[in-house]
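K.L.:
Residue numbers (our numbering), protein chains in the order written: chain A, 1 to 332; chain B, 1 to 336.
Sharing a structure below in structure tokens format, with a few things to ask.
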Amino acid sequence: MITASGITKTYKQRGNMLGARAVPALRGVDFRIEKGGAVTFIGESGCGKTTLGRIVAGLETYDGGDIVIDGTPMSSLKPRHREPFFRRIQLIHQDPYSALNPTRTIHQTLAAPLALRAKQTGRGKAWMEERARELLALVGIDPGYVLPRYPHQLSGGMRQRVVIARALTVDPEVLVADESVSMIDVSLRLGVLALLKDLRERLNVSVLFITHDIATARYIGGDGELYVIYRGQVVESGPTERVISGPVHPYTQSLLSAIPVLHGVERPGPERVVPTEALNEAHPDTGCLFARRCPFRTDRCEAELPSLVSDGEQAHACYHPQRRNVIPVEAA
Amino acid sequence: MTRTSAPGVRVKDLTVVYKTPAGELPALGGVSLSLAPGTITGIVGESGSGKSTLALSLLNAVQPPGRIKEGSVEIDGLGNVVELTGEELRRARGRQVGYVFQAAQNSLNPLKTVGKQLLDLGRSHDFDDLPALLKDARALLGRMGLDGGRVLDSYQHELSGGMRQRVGIMFALVLNAHLVVLDEPTTALDMITQAAILKIVRDVHHERGLTTLIITHDMGVAAEVTDSLAVMYGGRVVEHGPTTEVLGSPRHPYTKGLIRAIPRLSGDIDEARALPGRPPTLGTIPKQGCVFRERCPLRIAVCDTVDPEPVTRDARTVACHAVGHLATPVVPKEYV
């Protein structure tokens with residue numbers, strides 16, 4: 001189990017002669033990932049969700065707060081002692097076209113991490129061969145076809161499956177999937193999503209899913225937790241289905257309203273919300289971070305920062321929470 | 001010389017081939033498609049379906065090793081684009097047909113401000129009144145919710161992805177073209193920006209009286225803005241009709257499968273099903289018979305040998321042997 005509390009991260013932008021500007025990417029984010037659970041982060045680009053994924057995978061440092069993995073706070077360990085913890089958390093990149101080394105066959109790609117694993121557990125070459133085949137079969141591709149091939153000979157869906165198989169070589173407990181299907185053909189996308197869902201069930205692997213497409217989150221993590229993140233702050237969270245069907249924060253409502261409606265199959269939600277402006281990092285961060293774009297803002301919103309309040313299940317950071325029907329309804 | 005009304009477009013039996021070591025392979029295998037004047041038509045398809053090749057053909061801009069082998073593209077006021085060459089063709093591009101390229105975010109010159117690039121465009125089309133062109137551009141950018149003056153003075157890196165996309169649309173419209181082709185206008189943009197861009201596309205389309213063609217892989221994008229929808233697979237248009245009808249009651253098995261494969265916010269999420277198999281690439285498009293048969297749940301014997309002709313009935317065009325016939329489906333081979 002992973003517990004993150006109050007994670008903060010600030011990037012320093014190299015500035016002009018008047019000094020550097022600090023860009024806060026995360027402003028104190030709390031969440032938990034249960035064993036075999038699913039946690040989804042949604043938000044616009046630039047809201048800090050990718051940074052969060054990289055921090056959880058141990059690829060990025062954080063400035064404040066802490067990540068506790070199975071009871072051990074990471075800040076108490078030296079970097080080399082953190083490694084075995086973070087190895088159990090594997091990141092699956094967005095782009096399967098650049099995540100694989102084009103000069104190596106799939107066999108070579110899988111052999112490197114498997115050799116490490118074999119050394120740790122005192123097993124030999126035969127085990128590595130067998131394990132490579134087993135993993136490829138697990139992600140639903142024919143090992144005999146794929147192993148001798150180079151990445152350019154495979155389709156996007158197959159490559160993403162190879163990337164997932166590579167992540168599985170080290171027997172991870174958590175997979176961090178950052179926009180993992182956005183670059184795959186539409187008819188193959190659901191296959192990869194179904195694989196992630198299946199891995200959750202069969203191997204009891206937890207999934208941290210980072211996306212801007214909420215419908216895909218509903219597919220793999222419908223029973224999990226959803227966090228809506230905006231400019232580095234969680235503005236709404238709760239059980240995925242509940243937040244999707246009854247969002248109370250205007251930002252969540254804007255995100256859900258922006259999803260295209262499949263006219264002919266479904267009808268648009270009656271109370272869709274559109275932000276009054278585009279995302280601008282330069283907006284002041286006194287008061288509610290969303291206030292400048294919010295159609296429902298009041299003077300209080302611009303003056304004070306609302307904190308996350310929970311009713312036990314669903315939490316929101318808004319002075320004027322109200323349920324609105326924004327998601328499409330199925331046409332009869 | 002510029003037209004003031006929306007042109008119609010008629011593509012007939014268009015075949016585009018790419019030269020490869022394995023011989024000339026067809027990316028488009030005899031495509032026929034009409035765009036009614038004043039409508040927004042969407043083309044959806046996966047990578048390799050030929051949708052971008054079709055869009056480039058409207059400008060007669062298929063690059064070697066590709067070439068238009070046969071067929072015609074008639075645009076009102078321009079004639080058969082396939083027969084245009086040299087200077088004539090260069091003038092038609094931009095003036096009569098506006099094109100917003102795929103990844104318009106990266107198609108601006110990083111060394112010149114947007115305004116300088118606009119002036120280059122004006123000069124190459126012999127515009128005498130360049131200040132008027134700048135004024136039009138500012139107005140268009142203002143219409144799309146940007147500060148026109150500031151954007152024209154900006155370099156590409158000073159603009160966000162959504163802003164660059166709008167600049168791309170401005171370039172396509174500023175010479176007063178009435179046929180506009182947008183190739184993947186919203187990929188790499190997030191949901192809220194996408195919704196804003198789609199609204200702009202729709203509004204500008206109606207205000208300026210355009211004929212618009214949108215190429216996308218995203219069924220949702222097509223559903224949101226288009227009046228008419230064509231579904232492409234393996235270099236063919238397999239289904240074409242009014243958008244709500246194609247989505248609401250798809251007839252071609254590929255369209256049906258594709259719609260089922262989209263996770264949605266409404267309805268039961270567990271009803272979403274992946275389409276078996278994978279889309280063909282240039283080299284693996286079957287030489288004879290139906291291009292979709294390997295993945296098709298309705299496959300019958302005739303599919304192996306005869307490429308189905310598109311049949312039009314009540315404004316819907318479908319190219320499938322099994323639709324409308326009483327057919328016994330065979331179990332499709334399972335692929336991964």
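Backbone N, C-alpha and C define an ideal beta-carbon position, used for all residues, glycine too.
#1: Let's see if you can read the secondary structure: which residues bound the beta strand (DSSP E) around P239 of chain A?
#2: R123 of chain B: buried (16+ other C-beta within 10 angstroms of its C-beta) or exposed?
#3: So, is the C-beta of V68 of chain A closer than 9 angstroms to a C-beta in chain B?
#4: Can the beta-carbon of M232 of chain B be found less than 9 angstroms from the beta-carbon of I43 of chain B?
#5: Could you pull the start and end residues of the alpha helix (DSSP H) that F86 of chain A belongs to?
#6: Any beta carbon from chain B within less than 9 angstroms of V274 of chain A's own beta carbon?
#7: Let's test the definition: count the other Cβ atoms within 10 Å of the Cβ of R313 of chain B and tell me whether it reaches 16, buried, or not, exposed.
#8: Between R323 of chain A and chain B, is there a C-beta pair that is closer than 9 angstroms?
#9: Which two residues bound the contiguous beta strand (DSSP E) that contains S49 of chain B?
#10: Pull up the distance between the alpha-carbon of Q314 of chain A and that of R236 of chain B, whole angstroms please.
#11: With a CB to CB cut of under 8 angstroms and the five nearest residues on each side skipped, what residues in its chain are close to L152 of chain B?
#12: Chain A beta carbons: is any one of them nearer than 9 angstroms to that of V336 of chain B?
#13: Could you say if the region 237-252 of chain A and the region 306-322 of chain A meet the contact criterion of at least three C-beta pairs nearer than 8 angstroms?
#14: R133 of chain A and P143 of chain A: beta carbons closer than 9 angstroms?
#15: Could you tell me the boundaries of the alpha helix (DSSP H) in which E88 of chain B lies?
#16: Tell me which same chain residues have a C-beta within less than 8 angstroms of the C-beta of V62 of chain B, skipping the five on either side of it?
#17: So, with DSSP's three-state summary, where would you put M232 of chain B?
#18: Helix, strand or coil: how does DSSP classify T169 of chain A here?
#19: Ignore the nearest five residues each way along the sequence and tell me which others in P268 of chain A's own chain have a CB closer than 7 angstroms to its CB.
#20: Does DSSP put A99 of chain A in a helix, a strand or coil?
#21: According to DSSP, which residues form a beta bridge with K19 of chain B?
#22: For F171 of chain B, which of helix, strand or coil comes out of DSSP?
#23: Could you have a look at I2 of chain A and say whether DSSP puts it in helix, strand or coil?
#24: E239 of chain B and T255 of chain B look like a contact to me (Cβ under 8 angstroms); what is the Cβ gap, rounded to whole Å?
#25: Within the same chain, show all residues whose beta-carbon is closer than 7 angstroms to that of I164 of chain A, passing over the 5 residues directly before and after it, in chain order.
#26: According to DSSP, simplified to helix, strand and coil, what is P143 of chain A?
#27: Can you give me the Cβ contacts of V331 of chain B inside the same chain, cut-off strictly under 6 angstroms, excluding the 5 residues immediately before and after it?
#28: Could you tell me which residues DSSP puts in a beta bridge with A315 of chain A?
#29: Within a Cβ cutoff of 7 angstroms, which residues of the same chain sit near G50 of chain B, ignoring the five residues on either side of it in sequence?
#30: Apart from the five residues just before and just after L188 of chain A, which ones in its own chain have a Cβ nearer than 8 angstroms to its Cβ?
#31: Does DSSP put P7 of chain B in a helix, in a strand, or in coil?
#32: Would you report the Cα separation of L59 of chain B and E70 of chain B, rounded to the nearest angstrom?
#33: So L188 of chain A contacts chain B; which residues on that side make the cut at Cβ distance below 7 angstroms?
#34: Tell me the DSSP secondary structure of N106 of chain B in three-state form.
#35: Which residue's Cα is closest to the Cα of R350 of chain A: A:E277, A:S307, A:T286?
#36: How would you list, in chain order, the residues of chain A whose beta-carbon sits under 9 angstroms from the beta-carbon of R251 of chain B?
P.N.:
In terms of the structure at hand:
#1: Within the first sequence, the letter at position 239 stands for residue 239 of chain A. Per DSSP, P239 of chain A belongs to the beta strand (DSSP E) from 233-239.
#2: Position 123 of the second sequence, counted from the first residue, corresponds to residue 123 of chain B. Label assigned to R123 of chain B: exposed.
#3: As a first step, residue 68 of chain A must be located in the first sequence, where it is residue number 68. With 9 angstroms as the cut-off, V68 of chain A does not count as an interface residue toward chain B.
#4: The residue given as residue 232 of chain B occupies position 232 in the second sequence. The residue given as residue 43 of chain B occupies position 43 in the second sequence. Yes, these two residues count as a Cβ contact at 9 angstroms.
#5: Residue numbering aside, residue 86 of chain A sits at position 86 when the first sequence is read from its first letter. Unbroken alpha helix (DSSP H) run through F86 of chain A: 79-87.
#6: As a working mapping, residue 274 of chain A is identified with position 274 in the first sequence. Chain B, which has a Cβ nearer than 9 angstroms to the Cβ of V274 of chain A, makes this yes.
#7: Walking along the second sequence from the start, residue 313 of chain B turns up at place 313. With fewer than 16 other Cβ atoms within 10 Å, it is exposed.
#8: Counting from one through the first sequence, the residue named residue 323 of chain A turns up at place 323. By this cut-off, R323 of chain A is not an interface position.
#9: Residue numbering aside, residue 49 of chain B sits at position 49 when the second sequence is read from its first letter. From DSSP, S49 of chain B is part of no beta strand (DSSP E); its letter is neither H nor E.
#10: Walking along the first sequence from the start, residue 314 of chain A turns up at place 314. Walking along the second sequence from the start, residue 236 of chain B turns up at place 236. The straight-line gap from Cα to Cα measures roughly 48 angstroms.
#11: In the second sequence, the residue the question calls residue 152 of chain B occupies position 152. These residues qualify, in order along the chain: T113, V114, G115, L118, L134, A137, R138, L141.
#12: Taking the first residue of the second sequence as 1, we reach residue 336 of chain B at position 336. Confidence is the limiting factor: at V336 of chain B the pLDDT is only 44, short of 50, which leaves the residue's position unreliable, though a coordinate-based value still follows. Taking a beta-carbon distance threshold of 9 angstroms, V336 of chain B counts as an interface residue toward chain A.
#13: Yes, the region 237-252 of chain A is in contact with the region 306-322 of chain A.
#14: Sequence index remark: in the first sequence, residue 133 of chain A carries index 133 (1-based). Sequence index remark: in the first sequence, residue 143 of chain A carries index 143 (1-based). Their beta carbons are under 9 angstroms apart, which means R133 of chain A touches P143 of chain A by this criterion.
#15: As a working note, residue 88 of chain B is residue 88 in the second sequence. Following the DSSP letters along the chain, one finds E88 of chain B inside the alpha helix (DSSP H) bounded by residues 86-95.
#16: Translated into the one-based positions of the second sequence, residue 62 of chain B becomes position 62. Excluding the 5 residues flanking it on each side, V62 of chain B has same chain C-beta neighbours closer than 8 angstroms at V16, T53, L56, I68, in chain order.
#17: Here the question's residue 232 of chain B lines up with position 232 in the second sequence. Taken through DSSP and simplified to helix, strand or coil, M232 of chain B comes out as strand.
#18: On the first sequence, residue 169 of chain A is found 169 positions in, with the first residue counted as 1. DSSP places T169 of chain A in coil when its eight states are reduced to three.
#19: The residue you call residue 268 of chain A lines up with position 268 of the first sequence. Correct list, in chain order: V261, P328.
#20: To locate residue 99 of chain A, count along the first sequence from 1; it is residue 99. Reduced to three states, the DSSP call for A99 of chain A is coil.
#21: Mapped onto the second sequence, residue 19 of chain B falls at position 19. K19 of chain B is bridged to B:E24.
#22: Within the second sequence, residue 171 of chain B is the residue found at index 171, counting from 1. F171 of chain B falls in the helix class under three-state DSSP.
#23: Residue mapping note: residue 2 of chain A aligns to position 2 of the first sequence, counting from 1. Note: I2 of chain A maps to strand in three-state DSSP.
#24: In the second sequence, the residue the question calls residue 239 of chain B occupies position 239. In the second sequence, the residue the question calls residue 255 of chain B occupies position 255. Contact flag correct, Cβ pair sits at about 5 angstroms.
#25: What you label residue 164 of chain A is simply residue 164 of the first sequence in a count that begins at 1. Sequence-distant partners of I164 of chain A (beyond 5 residues in either direction) whose C-beta falls short of 7 angstroms from its own C-beta, in its chain, are I92, V139, L195.
#26: Position 143 of the first sequence, counted from the first residue, corresponds to residue 143 of chain A. In this structure, P143 of chain A counts as helix in the three-state DSSP scheme.
#27: Indexing the second sequence from 1 puts residue 331 of chain B at position 331. Low local confidence applies: a pLDDT of 48 at V331 of chain B is under 50, so the model's placement there is unreliable, and no value is given.
#28: Position 315 of the first sequence holds residue 315 of chain A. According to DSSP, which records beta bridges pairwise, A315 of chain A is partnered with A:S237, A:S310.
#29: Translated into positions along the second sequence, residue 50 of chain B becomes position 50. Around G50 of chain B: A27, L28, M232, G235.
#30: Residue numbering aside, residue 188 of chain A sits at position 188 when the first sequence is read from its first letter. Taken in chain order, the residues that qualify are S155, G156, G157.
#31: As a working mapping, residue 7 of chain B is identified with position 7 in the second sequence. The three-state reading of DSSP puts P7 of chain B in coil, since its state is none of H, G, I, E or B.
#32: Position 59 of the second sequence, counted from the first residue, corresponds to residue 59 of chain B. Position 70 of the second sequence, counted from the first residue, corresponds to residue 70 of chain B. CA-to-CA, the gap between L59 of chain B and E70 of chain B works out to about 15 angstroms.
#33: Here residue 188 of chain A is taken as the residue at index 188 of the first sequence, counted from 1. Those within 7 angstroms of L188 of chain A in chain B are R278.
#34: The residue given as residue 106 of chain B occupies position 106 in the second sequence. Note: N106 of chain B maps to helix in three-state DSSP.
#35: Lying before the first or after the last residue shown, residue 350 of chain A is absent from chain A, which here runs from 1 to 332.
#36: Counted from its first residue, the second sequence places residue 251 of chain B at position 251. For R251 of chain B, none of the residues of chain A pass the 9 angstroms Cβ criterion, the least Cβ distance being about 13 angstroms.
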